[in-house]
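Peer 1:
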Amino acid sequence: MTGETDTEIPETGAVFTFGKSKIANNVPSRLWLKDDIPVHISCGQSHSAFVTEQGRLFVFGNNNRGQLGLQIKGPVNKPTCIKVLKGERAQFVACGTDHTLVSTSQGDIFAAGGNSDGQLGLGHCNDSISFQRLHPFCDYAPIKLLSAGGHTSAALTEDGRLFLWGDNSVGQLGLGDDSHALLPKELKLGQSIQWVSCGYRHSALVTDNGDVFTFGESADGRLGLSAHQLTNHSHPQQVESLHGVLQVACGGKHTLALTEGELYSFGRGEFGQLGLGTLMFLADTPVAVGYFRKGRVTHVTCGENHSALITDSGLLYTFGDGRHGMLGLGDENFTNQFSPTVCQRFFDYTVMTVACGSSHMLVFARPRQQESEEFCLEDEDVTYTYLDRCYTSMLQGQPLEHIPNPAPALVSSQTFLPSSLPTSHRWSLSTRARRRQRESSSAQFGPEFCNLPPPTTGFTALALTGNILQPRSPTDTPKRLKLKPLWNLLLPQSHCLPGPSHRSQRMKRTAIVLEHLKMAYRTRHMKRISILGWWRIYLNRLHPPKYRLVLFLIHQ
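Heads up: the sequence shown at position 129 corresponds to 129 in full-length UniProt numbering, and the numbers run straight through without jumps.
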């Protein structure tokens with residue numbers, strides 16, 4: 001059911017786990033089924049579940065309240081099929097804090113786990129370690145969507161009717177009071193409902209005309225309502241600034257709303273779960289996440305303190321709390337992300353769906369087809385973090401053999417792409433990224449600024465031979481500039497060391513370069529090139545696939 005290498009993953013795809021998933025805590029894992037395909041996944045606080053194409057339900061994770069429905073308690077560290085549902089074809093699944101909901105193609109809903117606030121909808125508050133049927137739903141239209149929050153549950157039918165039950169202490173059921181609902185109750189809004197999401201203590205829904213209504217806990221701006229609306233937070237209130245919404249997702253203390261062209265976030269974001277950068281940790285009203293081109297995001301989901309989304313290219317972006325590696329950004333990257341960050345782990349895959357829990361994440365993805373369609377990356381995905389990683393590795397004296405050059409077929413003269421991109425796929429920058437590349441090119445300032453050697457296929461690398469910059473001939477340089485060879489100004493020939501083979505020599509060479517750069521700024525030679533305008537020369541990046549030193553001219 002599991003494999004050790006990605007080459008073993010079948011074309012039908014696999015489920016990837018990140019964070020504290022109970023399969024391999026803090027270590028990414030992957031699993032798949034023979035002759036069956038996962039189609040719907042869900043994460044709770046510390047347990048997970050997925051439904052397959054053949055209608056089977058698999059569960060794993062924490063089971064202290066019987067939320068896995070296995071008729072026993074105790075953690076389960078590998079996916080286990082629910083035998084009690086044999087004969088029923090599972091369709092959707094939703095995991096809450098300590099309970100699980102599953103709907104079947106026959107129109108029934110089953111629930112198991114903790115029931116302290118009536119979140120199982122069985123008419124009482126006793127826990128259940130096996131799945132119990134909620135009787136009323138067989139009389140309604142087929143189930144379209146399930147959602148489970150902290151201690152709340154919701155079911156949406158295909159004809160737009162919404163039923164909620166469970167904890168209502170802060171009005172998260174939208175019923176206008178604070179009394180718990182031990183049985184499913186219909187929320188009558190007067191409009192057909194197309195989407196619903198339950199957070200830890202708040203909920204949100206989307207109507208058929210794209211309006212968003214929120215209700216429940218009103219602290220930290222998670223409802224996105226104006227001040228005069230908050231007094232009635234136990235009733236569904238329309239978020240007036242949002243229109244044309246397709247999907248909404250509620251997390252611990254934040255909410256995401258996806259329209260046809262933009263992604264909006266609001267609520268509390270001290271971990272970065274809003275995706276609004278490092279300067280905004282609280283948004284009382286919806287704020288656009290200005291990171292993607294319009295219409296690029298196709299799916300969003302929220303965990304307790306982190307968020308994830310899928311683009312039209314099948315790429316996965318995550319942001320927020322990075323503890324335990326739950327963002328899927330690498331075995332050693334457990335830091336918080338305050339802006340959407342692409343998961344390079346899935347460049348070779350098409351991400352189909354994603355689910356976030358309290359401290360883990362599940363992703364279902366399929367291997368990309370060879371020579372598939374072109375995919376689009378934003379410039380922020382590939383320029384800064386990648387180059388900073390190369391630069392930091394060099395300064396720390398770390399070997400860089402594991403950072404190869406990109407394939408020539410993938411790189412044009414003015415396109416920067418991450419080295420980890422698969423060579424069998426075609427990638428390109430977005431329109432905005434290409435425009436920024438043109439604007440940052442020295443050619444826009446006239447021919448006198450084009451006297452540097454052309455870039456090679458490396459990142460920000462100039463043509464270098466034997467660690468010495470080879471300037472153009474004097475006839476190629478405008479006479480009025482009279483530039484001296486740049487390398488002679490910065491590094492005397494006596495210090496041009498051959499490519500070192502161990503760490504101490506690399507660090508020594510780096511120290512020499514930095515020292516001569518400091519000295520060069522104090523000499524008259526550096527002033528001779530100030531004619532270039534507001535350009536200044538400094539050590540921009542050390543990117544040495546063959547232990548080359550790289551200097552690059554950029555605008556301050």
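Backbone N, C-alpha and C fix where the C-beta goes; we use that ideal spot for every residue, glycine too.
Contact between the region 266–279 and the region 207–225: three or more CB pairs below 8 angstroms?
Peer 2: Result yes; three or more Cβ-Cβ pairs closer than 8 angstroms.
Peer 1: Measure the C-alpha to C-alpha separation of residue 245 and residue 259 and round it to an integer number of angstroms.
Peer 2: On the sequence shown, position 245 is the one that residue 245 refers to. On the sequence shown, position 259 is the one that residue 259 refers to. Cα to Cα, the separation comes out at about 4 angstroms.
Peer 1: Under the assumption that residue 323 contacts residue 349 (Cβ atoms under 8 angstroms), give the Cβ distance between them as a whole number of angstroms.
Peer 2: Counting from 1 along the sequence shown, the entry for residue 323 is found at position 323. Counting from 1 along the sequence shown, the entry for residue 349 is found at position 349. About 24 angstroms separates the two Cβ atoms, so there is no contact after all.
Peer 1: Do you know how far the Cα of residue 28 is from the Cα of residue 340?
Peer 2: Within the sequence shown, numbered from 1, the residue matching residue 340 stands at position 340. Within the sequence shown, numbered from 1, the residue matching residue 28 stands at position 28. Cα to Cα, the separation comes out at about 20 angstroms.
Peer 1: Could you check the C-alpha separation between residue 414 and residue 211 for me, to the nearest Å?
Peer 2: Sequence index remark: in the sequence shown, residue 414 carries index 414 (1-based). Sequence index remark: in the sequence shown, residue 211 carries index 211 (1-based). Its pLDDT being 29, under 50, residue 414 is placed unreliably by the model, and nothing is read from it.
Peer 1: Three or more C-beta pairs closer than 8 angstroms, one from the region 85–92 and one from the region 115–127: is that the case here?
Peer 2: Taking 8 angstroms as the limit for Cβ pairs, the verdict is that the region 115–127 does not touch the region 85–92.
Peer 1: Assuming residue 166 contacts residue 118 (C-beta within less than 8 angstroms), just tell me the rounded distance between them.
Peer 2: Position 166 of the sequence shown holds residue 166. Position 118 of the sequence shown holds residue 118. The pair is a contact, with the Cβ atoms about 5 angstroms apart (cut-off 8 angstroms).
Peer 1: Do residue 202 and residue 214 have their C-beta atoms within less than 8 angstroms of each other?
Peer 2: Stepping through the sequence shown from its first residue, residue 202 is reached at position 202. Stepping through the sequence shown from its first residue, residue 214 is reached at position 214. Yes, these two residues count as a Cβ contact at 8 angstroms.
Peer 1: In or out: residue 98 buried (at least 16 other Cβ within 10 Å) or exposed?
Peer 2: Locating residue 98 in the sequence shown gives position 98, counting from the first residue. Classification of residue 98: buried, given that the 10 Å Cβ count is 16 or more.
Peer 1: Between the alpha carbons of residue 110 and residue 369, how many angstroms are there, rounded?
Peer 2: To locate residue 110, count along the sequence shown from 1; it is residue 110. To locate residue 369, count along the sequence shown from 1; it is residue 369. Using only the alpha carbons, I get a separation of about 38 angstroms.
Peer 1: Just tell me which of 52, 346, 292 and 171 has its CA closest to the CA of residue 180.
Peer 2: Taking the first residue of the sequence shown as 1, we reach residue 180 at position 180. Comparing Cα-Cα distances from residue 180 to each of 52, 346, 292 and 171, the minimum goes to 171.
Peer 1: Please classify residue 333: is it buried, with 16 or more other beta-carbons within 10 angstroms of its beta-carbon, or exposed?
Peer 2: As a working mapping, residue 333 is identified with position 333 in the sequence shown. Flag for residue 333 reads exposed.
Peer 1: To which residues of the same chain is residue 61 closer than 6 angstroms at the C-beta, ignoring the five residues directly before and after it?
Peer 2: As a working note, residue 61 is residue 61 in the sequence shown. Closer than 6 angstroms at Cβ, skipping near neighbours: 22, 46, 47 and 48.
Peer 1: Bridge partners of residue 316, per DSSP?
Peer 2: Residue mapping note: residue 316 aligns to position 316 of the sequence shown, counting from 1. DSSP lists 310 as partners of residue 316.
Peer 1: Label residue 361 either buried or exposed according to how many other C-beta atoms from any shown protein chain fall within 10 Å of its C-beta, with 16 as the threshold for buried.
Peer 2: For the purposes of this step, residue 361 is taken as the residue at position 361 of the sequence shown. Buried: at least 16 other Cβ atoms inside 10 Å.
Peer 1: Apart from the five residues on each side of it in sequence, which residues of its chain come closer than 8 angstroms, Cβ to Cβ, to residue 116?
Peer 2: Here residue 116 refers to the residue found at position 116 of the sequence shown. 125, 127 and 151, listed in sequence order.
Peer 1: Quick one: using the 10 Å Cβ neighbour count with 16 as the cut-off for buried, is residue 461 buried or exposed?
Peer 2: Against the sequence shown, residue 461 aligns to sequence position 461. The predicted position of residue 461 is uncertain, since its pLDDT is 36 and thus under 50; no value can be drawn from it.
Peer 1: Kindly indicate which three-state DSSP category residue 172 falls into: helix, strand or coil?
Peer 2: Reading the sequence shown from its first residue, position 172 is the one you call residue 172. Residue state, collapsed to three classes: coil.
Peer 1: Output the residue ranges of the beta strand (DSSP E) runs that lie fully inside the UniProt repeat "RCC1" (314–367) and measure 3 residues or longer, sorted by chain position.
Peer 2: Entirely contained in the UniProt repeat "RCC1" (314–367), the beta strand (DSSP E) runs reaching 3 residues are, in chain order, 316–320, 337–342, 349–356 and 360–367.
Peer 1: Run through DSSP, which three-state label would residue 144 get?
Peer 2: One-based indexing of the sequence shown puts residue 144 at position 144. In the structure shown, residue 144 sits in a strand (DSSP, three-state: E or B).
Peer 1: Can you tell me the Cα-Cα spacing of residue 197 and residue 15, whole angstroms?
Peer 2: As a position in the sequence shown, residue 197 is number 197, starting the count at 1. As a position in the sequence shown, residue 15 is number 15, starting the count at 1. Each residue's alpha carbon lies about 23 angstroms from the other.
Peer 1: Round the Cβ separation of residue 234 and residue 177 to the nearest angstrom and send it over; I've been treating them as touching at under 8 angstroms.
Peer 2: The residue you call residue 234 lines up with position 234 of the sequence shown. The residue you call residue 177 lines up with position 177 of the sequence shown. That belief holds up - the Cβ atoms of residue 234 and residue 177 are roughly 7 angstroms apart, short of 8 angstroms.
Peer 1: Let me check understanding here. Comparing Cα to Cα, which of 175, 195 and 194 lies closest to residue 186?
Peer 2: Within the sequence shown, the letter at position 186 stands for residue 186. Residue 175 is the option with its Cα nearest to residue 186.
Peer 1: Please classify residue 50: does DSSP put it in a helix, a strand, or coil?
Peer 2: As a working mapping, residue 50 is identified with position 50 in the sequence shown. If DSSP states are grouped into helix, strand and coil, residue 50 belongs with the strands.
Peer 1: Name, in chain order, the residues that DSSP records as bridge partners for residue 138.
Peer 2: Locating residue 138 in the sequence shown gives position 138, where the first residue counts as 1. Paired residue(s): none; residue 138 is not in a bridge.
Peer 1: With distance defined between alpha-carbon atoms, name the residue in 39, 190 and 299 nearest to residue 92.
Peer 2: What you label residue 92 is simply residue 92 of the sequence shown in a count that begins at 1. Answer by Cα proximity: 39.
Peer 1: Can you tell me the Cα-Cα spacing of residue 142 and residue 184, whole angstroms?
Peer 2: The sequence position of residue 142 within the sequence shown is 142, counting from 1. The sequence position of residue 184 within the sequence shown is 184, counting from 1. Going from the Cα of residue 142 to the Cα of residue 184 covers about 15 angstroms.
Peer 1: Residue 181 lies in the beta strand (DSSP E); which residues open and close that run?
Peer 2: Against the sequence shown, residue 181 aligns to sequence position 181. Taken as a continuous stretch (DSSP letters only), the beta strand (DSSP E) holding residue 181 covers 181–187.
Peer 1: For the beta strand (DSSP E) holding residue 84, just list the boundary residues, first then last.
Peer 2: Numbered from 1 along the sequence shown, position 84 holds the residue referred to as residue 84. Residue 84 -> no beta strand (DSSP E), and no H or E assigned at all.
Peer 1: With distance defined between alpha-carbon atoms, name the residue in 282, 158, 83 and 53 nearest to residue 33.
Peer 2: The residue labelled residue 33 in the question sits at position 33 within the sequence shown. With distances taken between Cα atoms, residue 33 lies closest to 53.
Peer 1: Considering residue 197, what are the terminal residues of the beta strand (DSSP E) in which it resides?
Peer 2: Translated into positions along the sequence shown, residue 197 becomes position 197. Here the beta strand (DSSP E) through residue 197 covers 193–198.
Peer 1: Comparing alpha-carbon positions, which option in 68, 256, 338 and 363 lies nearest residue 278?
Peer 2: Here residue 278 refers to the residue found at position 278 of the sequence shown. The option with the nearest alpha carbon to residue 278 is 338.
Peer 1: Who are the Cβ neighbours of residue 169 in its own chain at under 6 angstroms, not counting the five residues just before and after it?
Peer 2: Here residue 169 corresponds to residue number 169 of the sequence shown, with the count starting at 1. Excluding positions up to five away in sequence, the list reads 178.
Peer 1: Whose C-beta lies closer than 8 angstroms to the C-beta of residue 81 among residues of the same chain, with five residues either side of it excluded?
Peer 2: Residue 81 sits at position 81 when you count from the first residue of the sequence shown. Excluding sequence neighbours, residue 81 sits near 56, 57 and 58.
Peer 1: Per DSSP, residue 264 forms a beta bridge with which residues?
Peer 2: The residue labelled residue 264 in the question sits at position 264 within the sequence shown. Looking at the DSSP assignment, residue 264 forms a beta bridge with 257 and 288.
Peer 1: To the nearest angstrom, how far is the alpha carbon of residue 230 from that of residue 69?
Peer 2: Taking the sequence shown and counting its residues from 1, one reaches residue 230 at position 230. Taking the sequence shown and counting its residues from 1, one reaches residue 69 at position 69. Near 38 angstroms, if we compare the C-alpha coordinates of residue 69 and residue 230.
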